[in-house]
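Here is the structure we will look at.
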Amino acid sequence: MIPQLNIAKSATFALERQMQVISDNIANVSTVGHKAQSMQFENMFPIVFERVIAEFDEEGQGKGKTRKTYNEMGQGVHISQIVKNMQQGTIEVTNQPLDLAVQGNGFLQFRLPEGAIAYSRAGNLHQDKDGNVLSPGGYPLEPPIRIPQNTTNIIVNDQGRVYVQLSGDPNPQEIGQVTLAIFQNPEGVREIGQNLYVQTEASGDASLQEPGSEAAGTIRQRSLEFSNVNIVEELLQMMVVQRSFDIAVKAIKASDKILQTGADIK
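Read left to right, the sequence shown gives residues 67 to 332 (this note's numbering).
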């Protein structure tokens, strides 16, 4: 296959993957805690037709010396990385007592069945029959919080302290503390599905802090942070990708026509 077909092929492959990222962003525009992603590209290492040994053709001083040219031809494009946009999403009031939105930096923590810790910005929590506070996927909040059976009201303040009012007792009782995990590089966490992330070498180890202290954000009860996807930007980007894909396909067709013409001449 001639080089130009490989080059155009690399473009169609990269643009197809970019369209998948855009489609995923649009599909999750209403997902609680979802963070938009964007794809970055870089050119492949070019072919150098002439090895350049010296910067100038001839040694010595004077106006007569000429600069050598770098005869290079690109080999296409490939995906360098997919970047998460960890900026704050829109916070909306839901009036559900176990809906918690993180205003600022930090992730909620959940204990996975194998014992590992996962992190999330999705605070649409619920409780099981025993009163344990769980994620939408059924993973217990870490550190664990259990709501008593005779609770009539749940109060979570900005600092993450959890209080309950029990039947027949108007005085709130503190039953737990919501802590936030802070990463040096939050964009480095790895997504595992169900709005959950795990730490990686790129993100660094999690630093546990109480909401409102140091670099940690605060907790807003009865509210949820929704996706930070900008639907207008995604639709515009989709149009650009579609047009770019069409051009790459035309390059493939043009290369095929050149091959066909050369075969006919032969």
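Using N, Cα and C, we set each Cβ at its ideal position, and we do this for glycine too.
### Query
Thinking C-beta only, is N94 closer than 8 Å to V307?
The answer is no: Cβ separation not under 8 Å.
### Task
Round the Cβ separation of I248 and Q225 to the nearest angstrom and send it over; I've been treating them as touching at under 8 Å.
Going by Cβ atoms, the distance from I248 to Q225 rounds to 15 Å, so no, they are not a contact pair.
### Message
With distance defined between alpha-carbon atoms, name the residue in A268, P209, I220 and Q215 nearest to L44.
### Response
Nothing about residue 44 can be reported from this structure: the residues present for the chain run from 67 to 332 only.
### CA nearest to the CA of G181, picked from Y205, K150 and F111
With distances taken between Cα atoms, G181 lies closest to Y205.
### Query
To which residues of the same chain is V149 closer than 7 Å at the C-beta, ignoring the five residues directly before and after it?
Here the set comprises Q103, S104, Q106 and E253.
### Same chain, Cβ closer than 6 Å to M85, neighbours up to 5 away in sequence not counted
Around M85: V307.
### Task
Throw me the rounded Cβ distance for the A320 and T78 pair, which I believe falls under 8 Å.
Incorrect: roughly 14 Å between the Cβ atoms, too far for contact.
### Message
Taking the straight line between their C-alpha atoms, what separation do you get for P163 and L200?
### Response
Taking the straight line joining both Cα atoms gives about 13 Å.
#### Entry: S89 burial status per 10 Å Cβ neighbour count (16 or more: buried)
Around the C-beta of S89, fewer than 16 other C-beta atoms lie within 10 Å, and the residue is accordingly described as exposed.
### Message
I need the DSSP call for Q89, collapsed to helix, strand or coil.
### Response
The sequence given here places Ser at residue 89; Gln does not occur at that position. Three-state DSSP puts S89 in a helix.
### Query
In its own chain, which residues sit with a C-beta less than 8 Å from the C-beta of S76, not counting the 5 before and 5 after it?
Same-chain partners within the cutoff: M110, Q141, G142, V143 and H144.
### Task
Assuming V228 and V222 form a contact by the criterion Cβ under 8 Å, report the distance between their Cβ atoms to the nearest whole angstrom.
Approximately 5 Å separates the beta-carbon atoms of V228 and V222; this is inside 8 Å, confirming the contact.
### Query
Is there contact here, the segment 321-332 with the segment 182-198, by at least three beta-carbon pairs under 8 Å?
With fewer than three CB-CB distances shorter than 8 Å, the segment 321-332 does not count as touching the segment 182-198.
#### Entry: Straight-line gap, P179 to Q243 (C-alpha atoms, nearest Å)
If you draw a straight line from the Cα of P179 to the Cα of Q243, it comes to about 22 Å.
### Message
Please classify Q287 as buried or exposed, where buried requires at least 16 neighbouring CB atoms within 10 angstroms.
### Response
By the 10 Å Cβ count, Q287 comes out buried.
### Query
So is E277 buried or exposed if we call it buried at 16+ other beta carbons inside 10 Å?
Correcting the residue type first, residue 277 is Pro in the shown sequence and not Glu. With 16 or more other Cβ atoms within 10 Å, it is buried.
### Query
Near D165, what residues of its chain come up, given a Cβ to Cβ distance below 8 Å and the 5 sequence neighbours on each side ignored?
Result list for D165: G189, N190, L191, Q287, R288, S289 and L290, in chain order.
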